[in-house]
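Under UniProt numbering, the residues of the sequence shown are numbered 1 to 247, in order.
Note that beta-carbon positions come from the ideal geometry of N, C-alpha and C, so glycine has one too.
Take a look at the structure below.
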Amino acid sequence: MEKPRKFPLLLRMVVLLLSMVSGVYIFSICMEPMTYFRSSDLLRTRMVLNSCPNTKIHSSEIPYIHFPSPRNYSRQECACNPVRLFAIISMQRSGSGWFETLLNSHENVSSNGEIFGARDRRVNISAIYNILDQVYNLDWYSSSSKNECSAAVGFKWMLNQGLTEYHEGIAKYFRKRGVHAIYLFRRNHLRRMISLLANAYDKETKPLNGTHKSHVYSPREVWFSSFLAVSLSTLIFTSLLSDLCLV
């Protein structure tokens with residue numbers, strides 16, 4: 001009967017070493033999403049928290065707060081106020097304008113509108129990263145900017161403004177910076193489509209004194225919209241079927 005062959009000690013050590021290397025590699029792949037938070041921003045956040053004893057932040061919130069250092073001004077007495085980042089992801093005629101107005105009514109919240117509406121700001125992922133860095137570092141100036149005392153800063157991003165085209169790189173950036181994505185969509189898609197068509201028609205014809213209003217904000221604009229609603233043509237249901245046959 002033949003005796004079982006014994007592998008030399010060196011060969012067994014090589015197999016063990018390869019197994020350890022493979023295990024470390026697999027573990028690093030599984031933990032890759034977590035590495036986005038282990039950046040210089042996280043280290044700087046911890047340093048600022050140590051220098052701001054009156055700022056009480058739970059450890060679970062640390063990846064989602066920031067202490068920006070704008071290039072154009074100093075945050076001064078607000079330097080210890082943490083800033084949270086957000087992006088409103090939506091589609092046209094979904095109520096995002098109203099929602100953004102509601103957010104901006106808070107004295108410490110800045111939502112900077114559709115910053116990627118201009119094509120030159122989203123020509124590639126590098127251009128998008130550059131704009132995002134400016135916004136989230138409080139270096140982006142708009143009428144909604146609260147500057148040094150902002151507690152939350154963000155903007156409105158439509159799906160057709162480069163968001164779906166570069167979604168992988170944008171998702172990676174959001175995870176790295178701890179950006180809160182707020183999804184805002186209209187429940188009734190048919191109403192949204194009708195609103196799109198009505199807005200396009202009004203933009204071309206401007207039936208009310210040559211004035212086009214995409215959104216309603218002031219009391220005067222509310223009166224305009226109510227006047228237009230009353231003056232719209234109404235359907236005559238008794239002749240509706242015969243009229244459709246003529247189309």
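Check: Counting pairs of beta carbons, one from the region 190-199 and one from the region 149-158, are three or more of them closer than 8 angstroms?; Outcome: no
Check: Cα separation between Arg186 and Ile62?; Outcome: 32 angstroms
Check: Ends of the alpha helix (DSSP H) at His167?; Outcome: His167 to Arg177
Check: Tyr136 lies in the alpha helix (DSSP H); which residues open and close that run?; Outcome: Ile125 to Tyr136
Check: Cβ of Ser110 within 8 angstroms of Cβ of Met158?; Outcome: no
Check: Which first and last residues belong to the beta strand (DSSP E) in which Trp157 is found?; Outcome: Ala152 to Met158
Check: Once DSSP output is grouped into helix, strand and coil, what is the label at Ile182?; Outcome: strand
Check: Contact check, Asn112 vs Ser69 under 8 angstroms by CB: the rounded distance?; Outcome: That pair is no contact at about 19 angstroms.
Check: Is His106 helix, strand or coil by DSSP?; Outcome: coil
Check: How long is the line joining the alpha carbons of Asn130 and Gly117, rounded to whole angstroms?; Outcome: 15 angstroms
Check: Mind reading off the beta-carbon distance from Gly178 to Leu85? Whole number of angstroms is fine, and I expect it under 8 angstroms.; Outcome: 7 angstroms
Check: According to DSSP, is Ser142 helix, strand or coil?; Outcome: coil
Check: What are the boundary residues of the beta strand (DSSP E) that includes Phe86?; Outcome: Arg84 to Ser90
Check: Does the beta-carbon distance from Arg71 to Asp120 come in below 8 angstroms?; Outcome: no
Check: Should Gln161 go down as buried or exposed, given a rule of 16 or more other Cβ atoms within 10 Å for buried?; Outcome: buried
Check: Hey, would you say Leu163 sits closer than 8 angstroms to Phe99, going by beta carbons?; Outcome: no
Check: Enumerate in chain order the residues of its own chain whose CB-to-CB distance from Cys52 is below 6 angstroms, with the five nearest sequence positions on each side excluded.; Outcome: Cys80
Check: Keeping to the same chain, check which residues put their C-beta closer than 7 angstroms to that of Lys56; ignore five residues upstream and five downstream.; Outcome: none
Check: Between which residues of its own chain and Ile125 is the CB-CB distance below 6 angstroms, once the five residues before and five after are set aside?; Outcome: Tyr166 and Gly169
Check: Taking the CB atoms as reference points, tell me whether Gly154 and Ile65 lie closer together than 8 angstroms.; Outcome: no
Check: Pull up the distance between the alpha-carbon of Tyr173 and that of His106, whole angstroms please.; Outcome: 27 angstroms
Check: If you reduce the DSSP assignment to three classes, tell me which class residue 283 lands in.; Outcome: The chain is shown from 1 up to 247; residue 283 falls before or after that span and cannot be answered.
Check: Could you tell me which of Thr101, Leu132, Lys156 and Tyr73 sits nearest to Glu114, measuring between CA atoms?; Outcome: Lys156
Check: Going by beta carbon distance, what residues of the same chain come within less than 7 angstroms of Leu132, once the five residues before and after it are set aside?; Outcome: Tyr173
Check: Nearest-angstrom Cα distance between Lys146 and Val83?; Outcome: 12 angstroms
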